[in-house]
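Asker:
2 protein chains.
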Amino acid sequence: MSTRRTFIAAAAGAAAVSTIGVAAPVNTYPKLVHHVFFWLKNPASKEDLASLLKGLATLKQIETVRGAHFGVPASTEKRDVVDNSWSASEILFFDDTAGQKAYQDHPIHKKFVENCSHLWDRVVVYDAMSA
Amino acid sequence: MSTRRTFIAAAAGAAAVSTIGVAAPVNTYPKLVHHVFFWLKNPASKEDLASLLKGLATLKQIETVRGAHFGVPASTEKRDVVDNSWSASEILFFDDTAGQKAYQDHPIHKKFVENCSHLWDRVVVYDAMSA
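Chains as they are written, first to last, in our numbering: chain S, 1 to 131; chain U, 1 to 131.
1. Any beta carbon from chain S within less than 8 Å of Cys-116/U's own beta carbon?
2. Given this structure, state the Cα-to-Cα distance separating Trp-39/U from Leu-56/U, to the nearest angstrom.
3. Who are the Cβ neighbours of Val-26/U in its own chain at under 8 Å, not counting the five residues just before and after it?
4. Applying a beta-carbon distance threshold of less than 8 Å, which residues of chain S neighbour Ser-130/U?
5. Ends of the alpha helix (DSSP H) at Val-113/S?
6. When you compare the CB of Phe-37/S with every CB in chain U, is at least one pair closer than 8 Å?
7. Does the beta-carbon distance from Thr-133/U to Ala-88/U come in below 8 Å?
8. Who are the Cβ neighbours of Thr-97/U in its own chain at under 7 Å, not counting the five residues just before and after it?
9. Hey, quick one: how far does the beta strand (DSSP E) through Leu-40/S stretch, first residue to last?
10. Which residues in the same chain as Trp-86/U place their Cβ atom closer than 7 Å to its Cβ, once the five residues preceding and following it in sequence are excluded?
11. DSSP has Ala-68/U in a bridge; who is on the other side?
12. Compare the C-beta of Asp-83/S with all C-beta atoms of chain U and state if any pair is closer than 8 Å.
13. Exposed or buried, what is Gln-100/U when buried is set at 16 or more other beta-carbons lying within 10 Å of its beta-carbon?
14. Check this for me: beta carbons of Val-218/U and Val-82/S, under 8 Å apart or not?
15. Residue range of the alpha helix (DSSP H) that Tyr-29/U falls in?
16. Using 8 Å for Cβ pairs, my map puts His-34/U next to Leu-119/U. What's the rounded Cβ distance?
17. Tell me which residues of the region 38-49 of chain U have at least one Cβ-Cβ distance to chain S shorter than 7 Å, keeping chain order.
18. So Phe-70/U packs on Pro-30/U, CB below 8 Å; how close in whole Å?
19. If you follow the beta strand (DSSP E) that Asp-127/U is in, where does it begin and where does it stop?
20. Just checking: is the beta-carbon of Val-113/S within a distance shorter than 8 Å of some beta-carbon in chain U?
21. Could you tell me which of Ala-131/S, Met-129/S, Ala-128/S, Ile-108/S sits nearest to Gln-61/S, measuring between CA atoms?
22. If we define contact as Cβ-Cβ less than 8 Å, is Val-26/S a contact residue for chain U?
23. Measure the Cβ-Cβ separation of Gln-104/U and Glu-77/S and say whether it is below 8 Å.
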């Protein structure tokens, strides 16, 4: 098997073992990024943060979600332009706006909002399409 | 060669041919996400947006950048929580805060700021570490 064919076969294998979609090599992430930042009502509560993160993790099960990253503020340098007042971050990748809409209306997403919305007092969403 | 060994060899090959780092399968994105949102001084200027996006594209050359996504507001549903007042978005993935700091201090990043900062009047940065 040539090196190229070996790589293609392996890439197909890697995609097959992923639970929520194909592997996303650098520079070819799915086109639509759904960024969400949450400010907890009780930002000092580790329990509330854990509950929110547990809820966020369920969103990866939604079929149109192509990639996910959930975070907390990183200990990068403090600068005027850096907002680190939030409690949790969410990135979900979708192929297109239809995929994002299907997620928005999905029972798993609705259940997440129902179970977790009492935890936060502010949410900001930025939806970006590849430029 | 066993299937497993073939995959490992192919994965190493994929990393070698990538210009800016290893492939990032779903669920195993690099840990640190640097989100940046830009508000142009002249949001109606297509030329200014094009200049900013051209400048952003140069950032992928920085060695510690493991993945990148540059966008413009997506045409998703208008909701109270969605901010679509910005002009351009940037996601850069890093392995850790050291990688992000190396980027921050890199000549290519400094040149981007020097060449493009006259284009924007507001920038917001969110640095997130995997939770």
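Heads up, the beta-carbon is just placed ideally off N, CA and C, and yes, glycines get one too. As the structure is a computational prediction, the values presented were derived from the model and not from experiment.
Answerer: This is what the structure gives:
1. Put simply, the CB of Cys-116/U is far from chain S, with every gap to its CB atoms at 8 Å or more.
2. 14 Å
3. Residue confidence for Val-26/U is low, a pLDDT of 49 falling below 50, so the modelled location carries little weight; the figure read from the coordinates is stated next. Closer than 8 Å at Cβ, skipping near neighbours: no residue.
4. His-69, Phe-70, Gly-71
5. Where Val-113/S is concerned, the enclosing alpha helix (DSSP H) stretches over 107-116.
6. yes
7. Nothing about residue 133/U can be reported from this structure: the residues present for chain U run from 1 to 131 only.
8. Excluding positions up to five away in sequence, the list reads Leu-32.
9. 32-40
10. Phe-37, Phe-38, Trp-39, Pro-73
11. Leu-92/U
12. At least one chain U Cβ lies under 8 Å of Asp-83/S.
13. buried
14. The structure shown does not extend to residue 218/U, since chain U is modelled only from 1 through 131, so no value can be given for it.
15. Taken as a continuous stretch (DSSP letters only), Tyr-29/U belongs to no alpha helix (DSSP H), as it is neither H nor E.
16. Not confirmed; about 19 Å, so no contact.
17. Taking 7 Å as the Cβ-Cβ cut-off against chain S, none of the residues of the region 38-49 of chain U qualify.
18. Not a contact, Cβ separation roughly 17 Å.
19. 120-130
20. no
21. Ile-108/S
22. With a pLDDT of 49 at Val-26/S, under the threshold of 50, the modelled position of that residue is not reliable, and the figure given next carries that caveat. So, interface residue.
23. yes
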